[in-house]
Structures are given as C-alpha cells and as structure tokens.
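Heads up, the thing below is written out as structure tokens.
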Amino acid sequence: MSLQPSWVSSANAPDCDFPLNNLPYGVFSHGDDDPHCGVAIGDQILDLTEAEACGIVALTDEPLFDLPFWNPLMEQGPAVWAALRARLAALLAKGSSEQERIADLLVPMAGARLHMPIMVSEYTDFYAGRHHAANVGAMFRGAENALPPNWLHMPIGYNGRASSVQVSGTPVRRPWGQIKSARHDSPAFLPSRRFDFELELGAIVGTPSDGPLSVQRADDAIFGYVLLNDWSARDIQGWEAQPLGPFQAKATATSISPWIVTSAALAPFRRAAPARDVALLAHLDDCGPMHYDIDLCVTLAPDGQPATTICRTNTRELYYSAAQQLAHHSTSGCPMNTGDLLGSGTISGATRPERGSLLELSWGGQEPLSLETGHTRRFLEDGDHLVLSGAAQGKGYRIGFGDCAGTVLPALDDPFGDQG
Ligand code: MN
Numbered sequence: 162m163s164l165q166p167s168w169v170s171s172a173n174a175p176d177c178d179f180p181l182n183n184l185p186y187g188v189f190s191h192g193d194d195d196p197h198c199g200v201a202i203g204d205q206i207l208d209l210t211e212a213e214a215c216g217i218v219a220l221t222d223e224p225l226f227d228l229p230f231w232n233p234l235m236e237q238g239p240a241v242w243a244a245l246r247a248r249l250a251a252l253l254a255k256g257s258s259e260q261e262r263i264a265d266l267l268v269p270m271a272g273a274r275l276h277m278p279i280m281v282s283e284y285t286d287f288y289a290g291r292h293h294a295a296n297v298g299a300m301f302r303g304a305e306n307a308l309p310p311n312w313l314h315m316p317i318g319y320n321g322r323a324s325s326v327q328v329s330g331t332p333v334r335r336p337w338g339q340i341k342s343a344r345h346d347s348p349a350f351l352p353s354r355r356f357d358f359e360l361e362l363g364a365i366v367g368t369p370s371d372g373p374l375s376v377q378r379a380d381d382a383i384f385g386y387v388l389l390n391d392w393s394a395r396d397i398q399g400w401e402a403q404p405l406g407p408f409q410a411k412a413t414a415t416s417i418s419p420w421i422v423t424s425a426a427l428a429p430f431r432r433a434a435p436a437r438d439v440a441l442l443a444h445l446d447d448c449g450p451m452h453y454d455i456d457l458c459v460t461l462a463p464d465g466q467p468a469t470t471i472c473r474t475n476t477r478e479l480y481y482s483a484a485q486q487l488a489h490h491s492t493s494g495c496p497m498n499t500g501d502l503l504g505s506g507t508i509s510g511a512t513r514p515e516r517g518s519l520l521e522l523s524w525g526g527q528e529p530l531s532l533e534t535g536h537t538r539r540f541l542e543d544g545d546h547l548v549l550s551g552a553a554q555g556k557g558y559r560i561g562f563g564d565c566a567g568t569v570l571p572a573l574d575d576p577f578g579d580q581g
C-alpha cells in the first residue's frame, strides 16, 4: 500500500497524520456553531453533517450525521461503514469529478474545537500489555511472581466508568482519595501524590452483540481505534484494590484522542500475534493477524515548559488483540453495545524508555525520571501537560491518530466545598 493522493494537497505530505488512506472520524465545531460530524483530511475537516444535508453523502433513508456523535453510523454495521469509506475516498481523491462541490464543505482544522466523537456506552479497561503486567507484578509481588497465573490464559480486565471518558484537551483534576501509607496504621483522606498516566489503545465496538463472540466475529465488530490515557492514582489504587480491582483510582478521568481511526484504515498494518508461551484455549486462539504495528510516543511538559519525550513504544507489545479482549468480554453472555470502549491496558516495551506509565518509568518512585528541562518526575505534578501520539508508518504516508492531551490541575483545597 502506498499514498493515495488527494486534491487536498496538505494530505499528501509524508508526515501528515491524515492522508486519504486514513479518513478518521471526529466531531468538531467552530465558535458557537453546533458540533458536526467531520472527517479529517490533511489540515482540513470535511463537514459530513453538511455533506449529508445537501445530499452529497446518502447512505440510508434516515440521516446518520445529524447528531454530534458517530454511534448512528456505527450501528449500521460493516457494509455501511465500507460504503461510507468508499464514498469519502472517491470524493477526496485526486481527480475527483466532485471536487468543486466538496471544496465548500472543507473547514480548516486550525481553530476547530474537537468534541467526543462517540457516546461511550460502557468502558472496560484491560491489562493486555505483557511488560506492563510483568513490571507491575514485579514491583508488588516480586520478580518470581511477576505475571499472575491466569495472565497467559486470558485478557484480564475490569469494568470502568463511561461517564469519566473525556476528549483530548480536557484537563484532569488531581483527585482526593483514601490513601494508606506504610508509615501509618490508618488511612487518610488526601489528594493523590502518585497520580499517573497510562498509555493505551482504545478499541470502539461498532456492531452490538448478545452472546459469546468468536475472535473473528469480535474483530469484525470493532469499528475503530483511539489513543487512550487511563489516568491513575497509584496511592489510592494500592489501598483500595485489595482484593477487588481498581475503583476510584481509575474513575477520575480517561482521555481519548479525538479522531476514530477505522479498522479499515489500519488494515495494512495488521500483524501476527506474538509467540504464545502457552497455547490459548480454542475460543481465544489466534485466527489471523489482529495485532497492529502502531508507533506510540508520550511527551511530558512541566507547566509552561518545553516537552520531553518520556516514552516510545509500539502496540505490538500487546499480548492480546482487541478482538481477543472483546471475545473474552462476551464469553459469559455479556451483551456488548455500539459505543463500548475497550482500553488495551498500558503498553510498555522491554526497556526503560519504552515504559508507558510513570509507575514503571520511575519504578514505583524509586528511580526518578530526568526531563530535558532539568526537572525530575516520580509521578505527575500539577501543571504537567501530557501528550500521547501515535501513527502507523506506511511507505511515504502515515496513519496518525492526532494527539491525546491533558493537563493536570491542582487538587481542590476542599473537595466538598460548602456542602456542610
Ligand atoms: Mn488502564
């Protein structure tokens, strides 16, 4: 696969995140205008709500893009997804006979405000990164027990909160919570001092289901992917998650990148699963290339200071594909809905600069990380600005995700205000 040229010239630059090969879906607005569905192409956004209203895009009898989220299209299933992608590719390709009609529907991305692209139905967070699981296990249970005994047999996860998912650019406020330090016999209610990020890939369920899905069917049901930062309060987590999973430690916020990169756009970047230490049970076994080769990067900028790259890794570090996560999620008969969001779990590689959380980068705070500004970090400080970015690298083009950014705001002085 090579670059597919577009008449939108900015889309043809080799370092552009949004060439014609990509066509990711988002929701945008300008000024006080209502948010519209849009497609990123180069440095422009094609206003799809407008394109549908004037009949240039007509996939179904009922409108699909008159609401400011992509769930109505996602509910239609893979045939309609493919029809939309083909129509958009034809409209925006170099030499398109409809260039003049379409030109008026392009708006500059600069100055546009990006909104949540979907209504998140439910949010589940997995733990499918092997090095992350092994690092965390080694820190808390010792190197010999790094991976829990179930880990090589199924993707471990917990049910999170859809209400906490927010779009890139939205700040996150440092949470208060119950914290129990080793030095004290009792917990205290305090602002988190070990607030962290987690570099993850989010998968978005398109087709709903009501019963167990095979891995192949699960793969077919996934509409697309976003970058995801699962903000995590490690001190709250350490006290509350005994014996159940994360609860308030993960409920403050989860940020996602604003553009849904479709499974179709990522198809050339599918890769085989990693070698399996133990064979997976048949219902979770690999049945084709369902992992992806996506380069990932995290930068951290202290309040108003230049950014330092603190992590570079790749989604190939995931042991389980999103399809296997979704298949496992459904084994109990758990219904899955359009707009369900599945976080992959933190993605870390084998070496220190490939670690996708500060918990790992600073090894539980014992080995502070040095930034290029001269600052050091064990965990996030107030004012820190985190940016997750990612792209699949093709020949002369890339499939980019756009940034997943967020700034840490200081904890409230009094989280309960004047409630009495
Ligand atoms: Mn997570």
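According to this note's numbering, numbering within the sequence shown proceeds without interruption in unit steps and concludes at 581.
Beta carbons: idealized from backbone N, C-alpha and C, even for Gly.
- About 19 Å separates the beta carbon of F350 from that of W392, a gap too long to meet the 8 Å contact definition.
- Residues Y480 of the same chain have their beta carbon placed closer than 7 Å to that of P435, with the five preceding and five following residues left out of the count.
- Annotation for A243: the continuous alpha helix (DSSP H) segment containing it runs P239 to L253.
- Scanning the region 267 to 319 for uninterrupted alpha helix (DSSP H) segments of 4 residues or longer gives 291 to 302, listed from N- to C-terminal end.
- Neighbourhood of the ligand MN, defined by CB distance below 5 Å to any of its heavy atoms: D286, E359 and D391, in chain order.
- The residue from H293, A394 and P332 with its alpha-carbon nearest to that of I340 is A394.
- Using a 10 angstroms sphere on the CB of S324, the tally of other CB atoms stays under 16, which defines it as exposed.
- Between A572 and R334 the beta-carbon gap is near 7 Å, inside 8 Å, which marks them as a contact.
- Of L461, I560 and N183, the smallest CA-CA separation from R539 is found for L461.
- The beta strand (DSSP E) runs of length 3 or more contained entirely in the region 518 to 570 are, from start to end of the chain, 546 to 554, 559 to 561 and 565 to 570.
- With contact defined as three or more Cβ pairs closer than 8 Å, the region 494 to 501 and the region 277 to 285 are in contact.
- With at least 16 other beta carbons inside 10 angstroms of its own, D380 counts as buried.
- With contacts defined by Cβ atoms closer than 9 Å, D543 and L520 do not form a contacting pair.
- Put simply, the backbone Cα of T492 is about 30 Å away from that of P419.
- Annotation: A201 is outside any alpha helix (DSSP H); the continuous beta strand (DSSP E) that includes it extends over H197 to I202.
- A direct Cα-Cα distance of roughly 15 Å separates S342 from F356.
- Around the beta-carbon of E528, fewer than 16 other beta-carbon atoms lie within 10 Å, marking it exposed.
- If you check the CB distance, D396 and G321 do not come in under 9 Å.
- Distance between A468 and Q165, taken at the CA atoms: about 33 Å.
- The alpha carbon of H490 has as its nearest neighbour, out of Q554, P429, F384 and S375, the alpha carbon of S375.
- Taken in chain order, the complete beta strand (DSSP E) segments of 3 or more residues contained in the region 338 to 413 are 349 to 352, 360 to 366 and 383 to 391.
- Rounded to whole angstroms, the gap between the alpha carbons of V459 and H452 is 21 Å.
- Here N306 is exposed. Its C-beta has fewer than 16 other C-beta atoms within 10 Å.
- In this structure, R431 lies near G449, with their beta-carbon atoms less than 9 Å apart.
- Burial is judged here by how many other beta carbons sit within 10 angstroms of a residue's own beta carbon; L360 has at least 16 and is buried.
- Per DSSP, A462 is one residue of the beta strand (DSSP E) stretching across D456 to A462.
- For Q205, the enclosing beta strand (DSSP E) covers residues Q205 to D208.
- The C-beta separation of T368 from G238 comes to about 5 Å, placing the pair in contact by the 8 Å criterion.
- A Cβ-Cβ contact shorter than 9 Å links R516 with H293.
- Residue state for N475 is assigned as strand, using DSSP reduced to three classes.
- If you draw a straight line from the Cα of A488 to the Cα of L445, it comes to about 7 Å.
- Rounded to the nearest whole angstrom, the C-alpha separation of T413 and G330 is 15 Å.
- Boundaries of the alpha helix (DSSP H) harbouring I263: Q260 to A264, taken from the DSSP string.
- Contact annotation: V218 and R248 have beta-carbon atoms nearer than 9 Å.
- Here DSSP, grouped into helix, strand and coil, assigns R513 to helix.
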